[in-house]
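Counting along the first sequence from 1, when you hit position 500 you're at 500 in the working numbering, and nothing is skipped either side. Let me begin by presenting the structure, written as structure tokens, before commenting on it.
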Amino acid sequence: MSSDLIQVTLPDGMSLELPAGSTSRDVALAIGPGLARAALAAEVGGKLVDLDRPLGSDAAVRLITERDPEALPLLRHSSAHILATAVRTLRPGAEIGFGPAIEEGFYYDFGVEEPFTPGDLEAFEAQMRDVIASDYAFERRRVTKAEAAELFSDDPLKLERLEEFTDDDVITVYRDGPFLDLCLGPHLPSTGRLRHFKLLSTAGAYWRGDESRQMLQRIYGTAFFRRRDLEAHIERLEEAKRRDHRTLGRELDLFTVDRRVGSGLILWRPNGTIVRDEIEAFERELILRHGYRIVCTPHIMSERLFEISGHLENFADNMFGAMELEGGRYRPKPMNCPGHICLFQAEQRSYRELPIRYAEFGTVYRYERSGVLHGMLRVRGFTQDDAHVFCTREQVPDEIEALLTLVDEMLTVFGYPYTVVLATRPEKALGTPGEWNDAISVLAAVLDRRGVEYRVDEGGGAFYGPKLDFELIDAIGRPWQGPTVQLDFNLPERFAIEYIGADNERRRPVMLHRVLVGSMERFVGGLIEHYAGAFPLWLAPEQVRVLPVSEAWSGEAGEFVAALGESGIRATIARRESLSYRIREGELRKVPYMCVIGEREVSGGTVAVRIRGRGRKQETVVRGVFIEQVLHDIRHRAPGP
RNA sequence: GCUGACGUAGCUCAAUCGGUAGAGCAGCCGCCUUGUAAGCGGCAGGUUGUGGGUUCGAGUCCCUCCGUCAGCUCCA
């Protein structure tokens with residue numbers, strides 16, 4: 001084989017011979033002109049590179065087209081550069097920060113004197129279209145640190161970033177038309193490849209996420225290869241807006257926030273309280289079956305307790321201030337664990353009692369900065385469905401396994417698919433690496449045994465122990481934080497909790513923290529959005545609304561409502577205004593069933609049942625049968641109607 | 001907390017250049033007696049988030065504080 005030929009291996013095992021110095025683009029051309037047009041970048045030897053990078057030596061090349069999962073982040077990263085190109089044209093003085101692709105799109109941070117306005121976004125979009133029309137090639141150049149410093153002499157933020165390189169580092173810059181950026185790449189071949197994009201919002205963002213640093217102006221946008229994907233994405237954003245729990249919470253009388261009470265503090269209205277109570281009742285039933293004991297602990301506790309637990313040391317920034325009472329200092333509790341430990345220690349414990357599982361719907365208070373508060377999803381006071389399991393080391397696998405069952409039972413009822421994340425030892429951690437590895441392998445073994453798929457989050461654990469996080473996916477595909485199960489190496493030591501072993505020796509139990517819904521406030525807020533306010537029958541504040549066609553049938557309707565009520569069904573009667581008006585109201589309130597009673601229904605003892613969202617496709621049912629069906633669905637916590 | 005935007009009736013929104021704050025829905029009172037997403041009429045509802053300033057005159061311009069929203073950071 002001649003030395004000026006290189007051997008290229010393709011993913012399907014085929015190989016090509018090309019002249020030395022060929023690029024991935026040449027590979028694509030050799031395969032076919034269609035692929036050459038479609039190719040965006042290439043994976044060479046496992047690394048993503050620009051299409052026009054010369055292939056060093058014999059190489060395995062995989063061409064990336066828009067069908068590959070790597071393509072979208074690539075498109076979005078290039079979009080960020082195109083945005084910056086446009087911004088620099090219209091605002092020549094703008095300093096450039098970072099501009100990465102993110103999950104849903106991209107952003108770019110700029111240092112500007114005058115913050116951007118929504119009107120600026122339109123102007124930037126128009127300018128971006130110019131940049132796209134010019135179809136500038138993305139050109140990569142390797143430079144030395146000194147050269148880069150020269151190129152970015154007017155860009156203080158880039159110079160600061162450059163400081164982190166050594167003189168020997170390979171530094172690359174990318175140019176598209178008038179714009180030059182310090183960037184690792186790779187990029188699309190040219191700006192003309194961007195077609196479908198939209199700038200979405202602008203907001204302040206600290207340089208490098210550090211609030212002691214300069215505040216930059218961030219522009220968020222998104223981009224897709226196909227118009228319909230962009231349109232679907234915008235539709236999803238609008239759908240999310242329609243489901244906003246703050247709007248639905250007001251429309252459906254679920255909760256309110258009153259500035260006189262304070263920010264981040266939720267007032268549960270009667271309808272919202274029904275939803276919450278049903279969830280709590282369901283969970284009580286579930287955990288009692290799983291061997292939990294339900295306890296209650298106070299809202300405020302002596303500060304001394306939080307010294308012992310270490311919260312004062314590690315969590316003080318999130319705790320409400322102390323109140324002085326007869327020389328003692330008390331704090332609203334930020335977590336329930338110390339109280340549960342005191343309950344454990346209320347008696348001398350024998351190994352025969354273990355595992356002990358204490359559960360509490362415990363309300364905790366945490367100080368959150370005003371800027372982060374958000375409806376029910378981020379608040380300062382919330383009720384956790386908290387539980388702590390005290391057990392022996394040997395019992396841990398069984399306890400974890402039982403928790404997996406519990407989590408699954410619970411999430412299935414709400415129709416949430418979920419994924420599992422195993423979070424391992426962070427850099428700063430208590431306990432020995434050996435202890436951690438043991439604990440992590442126990443968790444992993446249980447997951448494997450149950451055939452549960454999971455992702456590992458290296459270093460994502462708390463400083464006091466590894467954890468399992470369950471991430472929920474809601475009805476429109478958004479992730480939510482779900483249950484967590486956490487091992488704790490810290491508190492058992494700090495409180496020196498003990499039980500007497502079979503050998504009559506004092507032993508230290510293992511402690512597990514776990515929540516299922518986490519915060520009632522957040523969970524219900526999430527559920528409102530998940531269901532778009534249309535709660536399944538068992539959760540619906542109003543389950544049945546009875547509509548007499550006219551006043552003439554209101555006596556009959558009233559008797560039916562009474563019968564529903566006696567069966568434990570939440571039912572009301574609506575008799576004012578026209579039937580159409582009442583139907584509309586019932587639909588807007590998202591009542592699962594509306595029962596119409598008029599002349600036609602009276603003789604046969606039936607009702608015309610209108611099912612939420614199904615319009616006029618209704619059924620006429622004998623009243624007793626309807627009640628039985630409703631009770632059945634409530635009892636089984638059916639997902640419908 | 002920080003940056004920016006916003007704050008008008010319970011809700012959704014109007015109010016020209018600084019010139020008497022207005023509508024729909026909801027509420028209340030009547031009429032209608034209703035057959036599947038708004039029957040008709042009337043009434044009431046406001047110190048325009050708060051406090052100050054500029055002005056003959058402020059919802060509108062300026063400042064303060066409060067709150068909300070989008071983010072930054074963090075987390076249940």
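We put the beta carbon where it would ideally sit given N, CA and C, even for glycine.
Query raised in the report: Hey, how far is the Cα of E66 from the Cα of L40?
Result: 7 Å
Report task. State the start and end residues of the unbroken beta strand (DSSP E) segment that holds P479. Result -> 479 to 488
Requested in this report: Could you please give the first and the last residue of the uninterrupted beta strand (DSSP E) stretch that includes F382?
Outcome: 381 to 391
Query raised in the report: Does the pairing of the region 371 to 384 with the region 510 to 529 give three or more beta-carbon distances under 8 Å?
Result: yes
Query raised in the report: Is E399 closer than 8 Å to T424 when the C-beta atoms are compared?
Result: no
Query raised in the report: Nearest to P338 by alpha carbon, out of V389, G328, I96?
Result: V389
Query - Option nearest E347 by Cα separation, candidates G482, I500, E211 - result: I500
Query raised in the report: Under 8 Å between the Cβ atoms of G97 and F106?
Result: no
Query raised in the report: Measuring CA to CA, which of R589, R616, L588, K241 is closest to V596?
Result: R616
Query - Contact under 8 Å by Cβ, G221 with L443 - result: no
Query raised in the report: Around the C-beta of E542, are 16 or more other C-beta atoms found within 10 angstroms, so that it is buried, or is it exposed?
Result: buried
Report task. Compute the Euclidean distance between the alpha carbons of S2 and R193, then round it to the nearest angstrom. Result -> Low local confidence applies: a pLDDT of 48 at S2 is under 50, so the model's placement there is unreliable, with the coordinate-based value given in what follows. The alpha-carbon atoms of S2 and R193 are separated by roughly 37 Å.
Query - Assigned secondary structure, L29 (DSSP; H/G/I helix, E/B strand, else coil) - result: helix
**Report entry** C-beta contact flag for V364 and M323 at 8 Å
**Finding:** no
**Report entry** Residue environment, T117, which counts as buried when at least 16 other CB atoms sit within 10 Å
**Finding:** exposed
Query raised in the report: Among residues of its own chain, excluding the 5 on either side of E278, which ones have a beta-carbon nearer than 8 Å to its beta-carbon?
Result: W538, L539
Query raised in the report: Among S153, V87, D120, S190, which one has its Cα closest to the Cα of Y136?
Result: S190
Query raised in the report: Can we say the region 477 to 494 touches the region 306 to 317, given the rule of at least three CB pairs closer than 8 Å?
Result: yes
Query raised in the report: Given R506, which residues of its chain have a CB within under 8 Å of its CB, disregarding the five upstream and five downstream residues?
Result: E498, Y499, I500
Requested in this report: From the DSSP output, in three-state form, read off C595 for me.
Outcome: strand
Report task. Quick one: measure Cβ to Cβ for A387 and R357, integer angstroms, because I've assumed they're closer than 8 Å. Result -> 6 Å
Requested in this report: May I ask which residues mark the beginning and end of the beta strand (DSSP E) holding V170?
Outcome: Segment: none, V170 is in no beta strand (DSSP E) and carries neither H nor E.
**Report entry** Residue of D50, L157, F535 minimising C-alpha distance to R213
**Finding:** L157
Requested in this report: Please state whether DSSP places G565 in a helix, a strand or coil.
Outcome: helix
Report task. Check whether the Cβ atoms of V549 and G598 sit closer than 8 Å, and answer yes or no. Result -> yes
Requested in this report: Could you check the C-alpha separation between S567 and E280 for me, to the nearest Å?
Outcome: 21 Å
Requested in this report: With T202 as the anchor, note down where its beta strand (DSSP E) starts and where it stops.
Outcome: 196 to 206
**Report entry** Of the residues R545, T620, G533, the one placed nearest A475, counting alpha carbons only
**Finding:** G533
Query raised in the report: Is there contact here, the region 280 to 299 with the region 565 to 582, by at least three beta-carbon pairs under 8 Å?
Result: no
**Report entry** Nearest-angstrom beta carbon gap, R514 and Q481 [assumed within contact, 8 Å]
**Finding:** That belief does not hold up - the Cβ atoms of Q481 and R514 are roughly 14 Å apart, past 8 Å.
Query raised in the report: Between Y593 and V544, is the Cβ-Cβ spacing less than 8 Å?
Result: yes
Query raised in the report: DSSP state of A101, grouped into three classes?
Result: strand
Query raised in the report: Within this structure, are the beta carbons of R455 and T419 separated by less than 8 Å?
Result: yes
Query raised in the report: Taking the C-alpha atoms as reference points, what is the distance between M128 and R246?
Result: 35 Å
Requested in this report: Identify which residue in H340, R600, E628, D12 has its Cα closest to the Cα of A60.
Outcome: D12
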